[in-house]
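Everything below concerns the one structure shown next.
Numbering (my numbering), first residue to last: 5 to 105.
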């Protein structure tokens, strides 16, 4: 996972699939990356390198969204493939957070 900071926006770029095998590692990395991001107003989850997502991955995204929202910050997903965007739309997740290709 890569972290990029642009002012008060933090972009986390996942470098692998968002599946049950990887989610525990991503959870730890997110915790480490957000620990020192007190001035963050927005979290951008960049899925440009993510080809596959399973139910555990979807749960990870929902949990991350809730965590960020509970802190009063913005959350959006960028770089998602058409398949991932379709999955999120089917699950109506696009009603909760912004998605960009």
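We put the CB at the ideal spot given by N, CA and C, even for glycine.
Unbroken beta strand (DSSP E) runs of no fewer than 3 residues, entirely contained in the stretch 34 to 88, are found at 46 to 50, 78 to 82, following chain order. The distance from the Cβ of residue 57 to that of residue 91 is about 7 Å, consistent with a contact at the 8 Å cut-off. If you draw a 10 Å sphere on the C-beta of residue 61, you find 16 or more other C-beta atoms in it, and that means buried.
Inclusion of residue 94 and residue 51 in the CB contact set at 7 Å is not warranted, their separation being larger than that value. Residue pairing of residue 90 in beta bridges, as defined by DSSP: absent, with no partner found.
DSSP places residue 98 within a helical segment (H, G or I) once states are collapsed to three. Following the DSSP letters along the chain, one finds residue 16 inside the beta strand (DSSP E) bounded by residues 13 to 17.
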